[in-house]
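Quick note on numbering: the sequence shown equals residues 0 to 325 in numbering that gives the first Met the number 0. For every residue, glycine included, the Cβ atom is placed at its ideal position computed from N, Cα and C. No experiment lies behind these values; they were computed from the predicted model shown. Data block below; observations after.
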Amino acid sequence: MNHHTLKATCTTVHLGGFSCNLPPALVINSGDSIEVETYTGFKIYQDAPAAFLTSELVEICQHLPPERIVGPGSHLLTGPIYIREAQPGDVLEIQLEEISPRLAMGFNAIRTGWGALPQQFSEPRLRFIPLNLEENIAEFPPNSGIKIPLKPFFGILGVATSETQQSSIPPGIYGGNLDNPELQAGSRLFLPIFVPGALFSIGDGHSAQGEGEVNVTAIETSMNGRIKLILHKNISLTSPLAETPSDIITMGFAETLDLAFESALKQMIHVLEQFWGLKAEEAYVLCSLAANFRITQVVNRPQKGVHGMISKSILPIPETEFLYKD
Numbered sequence: 000m001n002h003h004t005l006k007a008t009c010t011t012v013h014l015g016g017f018s019c020n021l022p023p024a025l026v027i028n029s030g031d032s033i034e035v036e037t038y039t040g041f042k043i044y045q046d047a048p049a050a051f052l053t054s055e056l057v058e059i060c061q062h063l064p065p066e067r068i069v070g071p072g073s074h075l076l077t078g079p080i081y082i083r084e085a086q087p088g089d090v091l092e093i094q095l096e097e098i099s100p101r102l103a104m105g106f107n108a109i110r111t112g113w114g115a116l117p118q119q120f121s122e123p124r125l126r127f128i129p130l131n132l133e134e135n136i137a138e139f140p141p142n143s144g145i146k147i148p149l150k151p152f153f154g155i156l157g158v159a160t161s162e163t164q165q166s167s168i169p170p171g172i173y174g175g176n177l178d179n180p181e182l183q184a185g186s187r188l189f190l191p192i193f194v195p196g197a198l199f200s201i202g203d204g205h206s207a208q209g210e211g212e213v214n215v216t217a218i219e220t221s222m223n224g225r226i227k228l229i230l231h232k233n234i235s236l237t238s239p240l241a242e243t244p245s246d247i248i249t250m251g252f253a254e255t256l257d258l259a260f261e262s263a264l265k266q267m268i269h270v271l272e273q274f275w276g277l278k279a280e281e282a283y284v285l286c287s288l289a290a291n292f293r294i295t296q297v298v299n300r301p302q303k304g305v306h307g308m309i310s311k312s313i314l315p316i317p318e319t320e321f322l323y324k325d
């Protein structure tokens with residue numbers, strides 16, 4: 000197992016989506032760890048204060064090659080990372096070991112026509128929010144005394160599909176714009192693989208986000224992290240699956256919250272069948288007794304997100320050790 004460093008540069012980032020045609024920014028073996036650098040703010044950098052900018056981000060924003068713009072989204076992603084021997088049908092495990100803001104500044108934006116209340120809040124607004132990294136808080140509104148704890152995570156963790164252009168805006172079975180605040184350091188995410196090498200990309204750092212992300216954005220932050228990528232053979236997944244120190248998490252995506260919830264519930268039932276050996280009806284009952292379902296986000300068109308959580312404390316360790324680490 001080796002350790003790599005992946006800086007964000009014009010040749011190692013891509014904008015707006017995922018693509019099976021992008022050349023890898025890094026090639027690794029299963030089990031390798033990576034110090035990864037991500038930036039955000041591609042489309043707003045000209046309005047940003049100096050504290051938000053670095054020379055590297057300005058260089059990316061001014062000189063990103065056209066061939067590295069692969070979708071309509073505004074997300075700047077680092078990657079893709081190619082994992083040797085990864086093939087369609089395998090599963091990629093992403094261990095999130097460390098996550099920390101790259102700079103002491105983030106932003107929040109209201110976009111016209113977007114968000115949970117687009118008619119009530121129709122005027123675009125861009126706010127830059129200082130981060131107090133020593134106290135691990137952000138105060139908003141300024142001088143209000145309201146202190147938001149920083150809980151950094153990567154909003155986008157995804158693999159490429161067979162599509163040459165897949166927007167970075169909606170989440171899906173490939174991961175992508177999950178915007179799940181549970182995926183903090185110490186968590187693991189499992190994604191099905193669709194193309195050779197998996198072609199994993201990461202970005203969309205958030206320093207703090209409420210469940211729902213109702214006005215379109217969180218505290219969007221350039222973020223550093225240390226991750227480990229592990230390849231699993233002979234395991235079937237049809238949707239992203241996650242594990243935190245306390246919970247197993249399933250995810251559902253659909254055009255309505257009702258359908259997203261239904262998908263997350265079905266995935267939870269399937270996981271309890273597949274890895275804990277429950278019958279479907281038993282799993283359904285257990286979900287009613289012990290699982291919690293939460294709104295992940297309501298704004299990533301066209302896919303809203305719901306995630307289901309069940310405490311590991313009530314579950315025996317399954318035979319499949321890759322899933323559950325006590």
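Check	Outcome
Please state if the CB of residue 80 and the CB of residue 25 are separated by a distance shorter than 7 Å.	yes
Expressed to the nearest angstrom, what Euclidean distance is found between the alpha-carbon atoms of residue 278 and residue 36?	43 Å
Rounded to whole angstroms, what's the CA-CA distance from residue 188 to residue 304? Just pull it up for me.	16 Å
Are the CB atoms of residue 222 and residue 239 nearer to each other than 7 Å?	no
Looking at the unbroken beta strand (DSSP E) that takes in residue 188, where does it start and where does it end?	187-191
Going by other Cβ atoms of all chains shown within 10 Å of its Cβ, with 16 needed for buried, is residue 257 buried or exposed?	exposed
Under a three-way DSSP split, which group does residue 81 fall into?	strand
Measure the C-alpha to C-alpha separation of residue 119 and residue 137 and round it to an integer number of angstroms.	26 Å
Secondary structure at residue 47, three-state DSSP: helix, strand or coil?	coil
Can you tell me the Cα-Cα spacing of residue 65 and residue 2, whole angstroms?	30 Å
Can you have a look at residue 226 and say buried or exposed, based on whether 16 or more other CB atoms are within 10 angstroms of its CB?	buried
So, using beta-carbon positions, are residue 103 and residue 132 closer together than 7 Å?	yes
Where does the unbroken alpha helix (DSSP H) through residue 59 begin, and where does it stop?	54-62
Rank 93, 186, 288 by C-alpha distance to the C-alpha of residue 268 and give the top, closest one.	288
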